[in-house]
Amino acid sequence: MESFEEIYTLYWNDVYKFILKMTEYDRALAEEITQETFYRAFVGFSKFRGECNIKTWICGIGRNVFYKQLRSEKKRRILEECYGENRCTDPAASMETVEKCRIVRKIISEMSEPAKTVVEYRLFGEMSYSEIARIMKIREGTAKVIFSRAKVKIINEMKEVYGYEI
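Structure representation (structure tokens):
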């Protein structure tokens, strides 16, 4: 097998092009994600089992990094809408957003265990399902199912009880 330096040199351009397309040709973001991708590949290189082409494996890591970036950006925007300094540009919309956030937190606080804990870890702790499973001593698939069902409950309650579409 090649050294990681050789792998980096050999596949960096291909992975960058793949990420560039995913970012809709945002070069700065694509470079940042590509660097993070190779960092994660380097850290996890010992876990590569050779079940697929190494380029495919690295591109899979890149895809995961990209989607994690999107989720983080979305959460950041939601938090800024709820608590940020710029929320006063449209006071009515800001008040509605803050109210939605308050209601979602209320719904979560009224959930039974283990749903409440899984949702809190996932949304507020930004933990992966594997981290949640390890902490709660449940299977990863169980954590995913619990979160999925809780999310449906939140969406339904927001719509049926409070009249909000999420």
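Heads up: the sequence shown begins at 4 in the working numbering, then just goes up one per residue.
By construction, the Cβ of each residue, glycine as well, lies at the ideal position given by its N, Cα and C atoms.
query: Measuring alpha carbon to alpha carbon, tell me which of S75, G47, N16, I106 ends up nearest E163.; result: I106
query: Can you say whether A33 is buried or exposed, counting buried as having 16 or more other CB atoms within 10 angstroms of its CB?; result: buried
query: Rounded to the nearest angstrom, what separates K44 and I64 at their Cα positions?; result: Correcting the residue type first, residue 44 is Ala in the shown sequence and not Lys. When rounded, the distance between both Cα atoms is 7 Å.
query: Terminal residues of the continuous alpha helix (DSSP H) containing L32?; result: 30-46
query: I need the DSSP call for T26, collapsed to helix, strand or coil.; result: coil
query: Are the beta-carbon atoms of Y124 and I111 separated by less than 9 Å?; result: no
query: Find the nearest neighbour of Y70 within the set K58, F51, G53, I36, judged by alpha-carbon distance.; result: I36
query: Is it right to say N89 is buried, meaning 16 or more other beta carbons lie within 10 angstroms of its own, or is it exposed?; result: In this prediction, N89 scores a pLDDT of 49, lower than 50, which makes its location untrustworthy; no coordinate-derived value is stated.
query: What's the C-alpha gap between W15 and M139?; result: 38 Å
query: Taking the alpha carbon of I141 as the point to measure from, which residue in E8, E160, S151, V121 has its own alpha carbon closest?; result: V121
query: Select from S75, N159, E8 the residue whose C-alpha is nearest the C-alpha of F127.; result: S75
query: Under a three-way DSSP split, which group does S49 fall into?; result: helix
query: Could you pull the start and end residues of the alpha helix (DSSP H) that F127 belongs to?; result: Here F127 belongs to no alpha helix (DSSP H), and DSSP marks it neither H nor E.
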